[in-house]
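Asks: In our numbering, the protein residues as written are 47 to 138. We put the CB at the ideal spot given by N, CA and C, even for glycine.
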Ligand SMILES: [Zn+2]
Ligand SMILES: [Zn+2]
């Protein structure tokens, strides 16, 4: 079964998006943005032109077996380097 790729950050501004974050927005291709940027784009994905919707939250019990992705998607608009904060995420 295909699994939704819970990307760790916004593709535009590189804001961190935890798996439980209600701020995450995704398109049908799992392009991932923060709520702020999704609003700015009118909830239309700049990559594919599709609609952006709130990302479903995976229950914590399932994250143990199906962890969120830690692979950041590079973006030309990103202002900071990729991967710097990955170790900090997922530790609660
Ligand atoms: Zn963003
Ligand atoms: Zn897209």
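Considering Cα atoms alone, identify which of 79, 119, 66 is closest to residue 105.
Replies: By one-based count along the chain shown, residue 105 stands at place 59. Among 79, 119, 66, the Cα nearest to that of residue 105 belongs to 66.
Asks: Which residues in the same chain as residue 79 place their Cβ atom closer than 7 Å to its Cβ, once the five residues preceding and following it in sequence are excluded?
Replies: Residue mapping note: residue 79 aligns to position 33 of the chain shown, counting from 1. 56, 57, 58, 71, 98.
Asks: By the three-class DSSP mapping on this structure, what secondary structure does residue 79 have?
Replies: Counted from its first residue, the chain shown places residue 79 at position 33. Residue state, collapsed to three classes: strand.
Asks: Is any heavy atom in ligand 1 found nearer than 8 Å to the beta carbon of residue 73?
Replies: Translated into positions along the chain shown, residue 73 becomes position 27. No, Cβ of residue 73 sits at least 8 Å from all heavy atoms of ligand 1.
Asks: Rounded to the nearest angstrom, what separates residue 107 and residue 114 at their Cα positions?
Replies: Along the chain shown, read from residue 1 onward, the residue named residue 107 stands at position 61. Along the chain shown, read from residue 1 onward, the residue named residue 114 stands at position 68. Distance between the alpha carbons of residue 107 and residue 114 is about 12 Å.
Asks: Can you give the Cα-Cα distance for residue 101 and residue 75, rounded to whole angstroms?
Replies: As a working mapping, residue 101 is identified with position 55 in the chain shown. As a working mapping, residue 75 is identified with position 29 in the chain shown. Approximately 12 Å between the Cα atoms of the pair.
Asks: When the Cα atoms are used, what is the spatial distance from residue 91 to residue 83?
Replies: Counting from 1 along the chain shown, the entry for residue 91 is found at position 45. Counting from 1 along the chain shown, the entry for residue 83 is found at position 37. Those two C-alpha atoms are separated by around 10 Å.
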